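Numbered by UniProt numbering, the letters in the sequence shown go through residues 1 to 168 in order.
Even for Gly, the Cβ is constructed at its ideal location relative to N, Cα and C.
Owing to the predicted nature of the structure, the values given are computational and were not obtained by experimental measurement.
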Amino acid sequence: MDRLALTALVVAVFGLCLWGMWRGWRRQSRAQSVRFPPFPPVPAEPGPVELELAGVYASSTVAGHWQERIVTRGAGVRSAATLRCHRDGIAVARIGAPSFWIPRESLVDVRTAKGIAGKVLGTAGLLVLTWRPGGPDPGEVVVDTGFRGDDVDEYPQWIDKLKGGARA
Numbered sequence: 001m002d003r004l005a006l007t008a009l010v011v012a013v014f015g016l017c018l019w020g021m022w023r024g025w026r027r028q029s030r031a032q033s034v035r036f037p038p039f040p041p042v043p044a045e046p047g048p049v050e051l052e053l054a055g056v057y058a059s060s061t062v063a064g065h066w067q068e069r070i071v072t073r074g075a076g077v078r079s080a081a082t083l084r085c086h087r088d089g090i091a092v093a094r095i096g097a098p099s100f101w102i103p104r105e106s107l108v109d110v111r112t113a114k115g116i117a118g119k120v121l122g123t124a125g126l127l128v129l130t131w132r133p134g135g136p137d138p139g140e141v142v143v144d145t146g147f148r149g150d151d152v153d154e155y156p157q158w159i160d161k162l163k164g165g166a167r168a
């Protein structure tokens with residue numbers, strides 16, 4: 001009987017932990033839905049693809065705060081994805097999660113990094129796009145979007161291409 005009670009207690013504590021994490025995620029999502037505008041959808045006709053990179057969408061965070069993950073509206077879901085650079089912006093085509101669009105005029109910076117919420121590497125293996133989801137208005141919130149490409153040797157080409165369109 002003692003063994004059964006102990007097992008039930010462990011299962012109950014584990015279930016309580018899962019329930020608490022789920023509630024925290026939902027609370028954070030509701031709070032962020034007011035703070036962050038919805039990420040723009042990918043346009044129906046974005047134009048020809050200039051660059052393409054397959055890999056994993058790691059997460060989006062508040063710019064400069066690499067551990068403050070944005071979870072609202074599906075932005076916190078790590079997923080396989082493809083980055084596609086077009087003349088007017090970057091399409092983040094995610095599998096199993098909402099895709100979104102980063103307009104060129106909203107782009108602030110492009111760089112590599114060692115980590116972002118949900119993904120930490122020993123080398124600068126992440127491509128990080130810093131942008132304003134509400135548009136180019138300097139008063140808007142700024143977001144870092146981290147992407148781990150299958151071929152990190154393509155990062156310099158992406159950085160060179162996008163730095164020309166980045167605005168501070």
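Check: If you draw a straight line from the C-alpha of residue 7 to the C-alpha of residue 32, how long is it?
Finding: Those two C-alpha atoms are separated by around 38 Å.
Margin query: Using the three-state DSSP reduction, which class does residue 169 fall into: helix, strand or coil?
Written below: Given that the chain is displayed from residue 1 to residue 168, the structure contains no residue 169 and the question cannot be resolved.
Item checked: Bridge-paired residues (DSSP) for residue 97 -> Residue 97 is not bridged to any residue.
Check: Should residue 148 and residue 140 be called a contact, given that it needs their Cβ atoms to be closer than 8 Å?
Finding: Not in contact: residue 148 and residue 140 (Cβ atoms no closer than 8 Å).
Notebook entry, point to check: What does a CB cutoff of less than 7 Å around residue 76 pick up in its chain, not counting 5 residues either side in sequence?
Noted result: Non-local beta-carbon contacts of residue 76 in its own chain, meaning distances under 7 Å to residues more than five positions away in sequence, involve 59, 69, 70 in chain order.
Notebook entry, point to check: In the DSSP assignment, what residue or residues form a beta bridge with residue 119?
Noted result: Answer is 116.
Item checked: C-beta atoms of residue 47 and residue 86 nearer than 8 Å -> Yes; because the gap between Cβ atoms is below 8 Å, this pair is in contact.
Item checked: Boundaries of the alpha helix (DSSP H) in which residue 61 is found, first to last residue -> No alpha helix (DSSP H) holds residue 61; the beta strand (DSSP E) holding it covers 51–62.
Check: Which residue's Cα is closest to the Cα of residue 145: 22, 50, 91?
Finding: The candidate whose alpha carbon is nearest that of residue 145 is 91.
Next item on the list: For residue 86, write down the residues that DSSP places opposite it in a beta bridge.
Entry: Residue 86 is bridged to 89.
Checklist line | Cβ-based burial, residue 158 [other Cβ within 10 Å; buried from 16] | finding: Buried, because 16 or more other Cβ atoms sit within 10 Å of the Cβ of residue 158.
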